[in-house]
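J.: Quick one: the structure is below, and I'll ask about it shortly.
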Amino acid sequence: MPDPIATNRQHWESRVALHAASAEYGLDTFRSDPNHLSGVVRFDRERLGDIAGRDVVHLQCHIGTDTLSLARLGARVTGLDFSPSAIEVARSLSETAQPHVDYVVATVDDAVSALGGRQFDLVYTGIGALCWIPKITSWAATVAALLRPGGELFIREAHPVVWALDDPRSDGLVALEYPYFETDGVVAEATVTYVDHEDALESPRLIHFNHGLGEIFAALTAVGLSVIDYVEHDTIPWRPLGDAMVDVGGGEFRLMDRPERIPMSYTLRAVRNGSAH
Ligand SMILES: C[S@@+](CC[C@H](N)C(=O)[O-])C[C@H]1O[C@@H](n2cnc3c(N)ncnc32)[C@H](O)[C@@H]1O
């Protein structure tokens with residue numbers, strides 16, 4: 242098995258320019274409209290509550306559209322991603338579009354030292370983040386270490402069943418092909434990314450990981466986090482089943498035929514045990 246971090250970093254480096262130029266990420270709209278928020282943060286807003294004045298770290302922040310949106314809700318935000326190109330785009334977006342966001346290039350596993358041991362009120366992550374994390378127990382330990390006592394993890398993520406799906410089938414059946422539980426990873430080749438583009442990705446090789454819900458809940462509990470909210474959604478902000486998904490607005494997609502068959506995504510909130518003072 243090739244080194245997943247090095248392989249996946251190279252893969253993500255090859256996606257950044259395509260995402261930064263895409264209509265889907267819409268960087269120009271962030272620059273022209275100071276009130277514009279990403280669809281992801283608009284979806285999360287009600288469950289997030291008022292985050293004005295809170296210290297937030299956004300893990301796997303990519304090119305910073307959700308990160309900037311959190312800052313526009315009044316939070317003091319730090320974004321972290323292991324892709325230097327993604328962080329370069331994110332920094333330049335926050336400088337040209339405002340407000341200011343701090344950014345750090347690091348892996349999630351190195352986040353605690355890269356952030357100098359700082360602790361936050363909120364760890365925000367998701368939307369295609371956990372599938373790049375090899376060990377959910379290490380991830381959970383990092384989340385706990387980044388939170389002050391009483392601080393909160395907020396994650397909206399693809400349901401692990403979605404990562405286990407086979408490619409769309411012509412007979413409309415939804416079929417499971419890949420692991421639901423955590424394994425040593427699945428090596429794959431992706432020549433396209435999830436925005437419209439013509440050129441093939443320069444570094445197609447990637448290594449995906451899944452983590453079952455029980456594994457996620459157990460990992461959080463083991464490091465002293467209590468789940469306070471868990472909700473499953475029949476929509477997701479991309480098309481895991483291609484043309485079998487219908488655009489329902491707000492950047493969300495739902496299975497066209499009998500969407501009640503599958504949870505597409507979930508929102509989980511967990512609080513670090515211990516008194517805030
Ligand atoms: C699908 S994106 C996250 C999506 C983000 N919500 C968005 O669309 O703006 C996944 C991000 O995870 C980052 N990433 C993957 N593995 C990582 C790791 N081990 N440590 C830090 N960042 C990682 C990639 O560079 C990429 O920016």
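Residue numbers for the sequence shown, in the numbering used here: 242 to 518.
Every residue gets a Cβ at the ideal spot worked out from N, C-alpha and C, and that includes glycine.
Values in this document were obtained by computation on a predicted structure and should not be read as measured data.
Could you check whether the Cβ of Asp322 sits closer than 7 Å to any heavy atom belonging to ligand 1?
T.: Yes, Cβ of Asp322 sits closer than 7 Å to a heavy atom of ligand 1.
J.: Could you have a look at Val364 and say whether DSSP puts it in helix, strand or coil?
T.: It is a strand residue.
J.: Considering only DSSP beta bridges, list what Ile457 is partnered with.
T.: Answer is none; Ile457 lacks a bridge partner.
J.: Within its chain, find whatever has a CB closer than 6 Å to the CB of His518; leave out the 5 residues flanking it on each side and keep chain order.
T.: With a pLDDT of 48 at His518, under the threshold of 50, the modelled position of this residue cannot be trusted, and the question is left open.
J.: Would you tell me roughly how many angstroms separate the C-alpha atoms of Gly305 and Val330, rounded to the nearest one?
T.: One C-alpha to the other measures close to 8 Å.
J.: At which residues does the beta strand (DSSP E) containing Leu394 begin and terminate?
T.: From DSSP, the beta strand (DSSP E) with Leu394 extends over 388-399.
J.: Given Ala316, which residues of its chain have a CB within under 6 Å of its CB, disregarding the five upstream and five downstream residues?
T.: Around Ala316: Ile292, Arg295, Val297.
J.: By the three-class DSSP mapping on this structure, what secondary structure does Asp244 have?
T.: Coil.
J.: Rounded to the nearest angstrom, what separates Ser506 and Leu314 at their Cα positions?
T.: Roughly 23 Å separates the two Cα atoms.
J.: Please return the same chain residues whose Cβ sits closer than 8 Å to the Cβ of Arg502, not counting the five positions on each side in sequence.
T.: Same-chain partners within the cutoff: Val415, Leu496.
J.: Can you round the beta-carbon distance between Phe395 and Leu356 to whole angstroms, since I take them to be within the 8 Å contact cut?
T.: Rounded, the Cβ-Cβ distance is 17 Å, inconsistent with contact.
J.: Between which two residues does the beta strand (DSSP E) containing Phe271 stretch?
T.: Not the beta strand (DSSP E): Phe271 falls in the alpha helix (DSSP H), residues 268-273.
J.: Ligand 1 heavy atoms versus the CB of His438: any closer than 7 Å?
T.: Flag unset: Cβ of His438 not near ligand 1.
J.: Please state whether DSSP places Thr476 in a helix, a strand or coil.
T.: Thr476: strand per DSSP, three-state reduction.
J.: Pick out whichever of Arg513, Arg510, Gly492, Ala511 has its Cα sitting closest to the Cα of Glu265.
T.: Cα-wise, what sits closest to Glu265 is Gly492.
J.: May I ask which residues mark the beginning and end of the beta strand (DSSP E) holding Leu321?
T.: It spans 317-322 - the beta strand (DSSP E) in which Leu321 sits, taken as one unbroken run.
J.: In chain order, what are the residue ranges of uninterrupted beta strand (DSSP E) at least 3 long that sit wholly in the region 400-452?
T.: Whole beta strand (DSSP E) segments, 3+ residues: 427-430, 446-449.
J.: Residues in its own chain within less than 8 Å of Gly280 by CB, not counting five upstream and five downstream?
T.: Pro478, Gly491, Gly492, Glu493, listed in sequence order.
J.: Given that a residue counts as buried once 16 or more other Cβ atoms are within 10 Å of its Cβ, and exposed if not, what is Asn276?
T.: Classification for Asn276: exposed.
J.: Ligand 1 heavy atoms versus the CB of Gln301: any closer than 7 Å?
T.: Gln301: yes, Cβ under 7 Å from ligand 1.
J.: By Cβ distance below 7 Å, which residues in the same chain neighbour Cys302 in space, the five residues on each side in sequence not counted?
T.: The residues are Thr308, Gly320, Leu321, Asp322, Ala331.
J.: Would you say the beta carbon of Gly426 is closer than 7 Å to some non-hydrogen atom of ligand 1?
T.: Gly426: no, Cβ never under 7 Å from ligand 1.
J.: Could you give the residue range of the alpha helix (DSSP H) that holds Val353?
T.: Per DSSP, Val353 belongs to the alpha helix (DSSP H) from 352-355.
J.: Since I believe Phe361 is in contact with Arg397 (beta carbons under 8 Å), could you give me their beta-carbon distance rounded to a whole number of angstroms?
T.: Actually they do not touch by this definition, with Cβ atoms about 18 Å apart.
J.: Could you give the distance in angstroms between the alpha-carbon of Ala381 and the alpha-carbon of Tyr471?
T.: Going from the Cα of Ala381 to the Cα of Tyr471 covers about 16 Å.
J.: Within the same chain, show all residues whose beta-carbon is closer than 7 Å to that of Ser324, passing over the 5 residues directly before and after it, in chain order.
T.: Correct list, in chain order: Arg250, Trp253, Glu254, Val257.
J.: Counting beta carbon pairs with one atom in the region 336-352 and one in the region 401-414, are three or more of them shorter than 8 Å?
T.: With a cut-off of 8 Å, the region 336-352 and the region 401-414 do not count as touching, because too few Cβ pairs lie within range.
J.: Beta carbon of Val281: closer than 7 Å to some heavy atom of ligand 1?
T.: Yes, ligand 1 has a heavy atom inside 7 Å of this Cβ.
J.: Quick check on Glu265: does DSSP put it in helix, strand or coil?
T.: DSSP places Glu265 in coil when its eight states are reduced to three.
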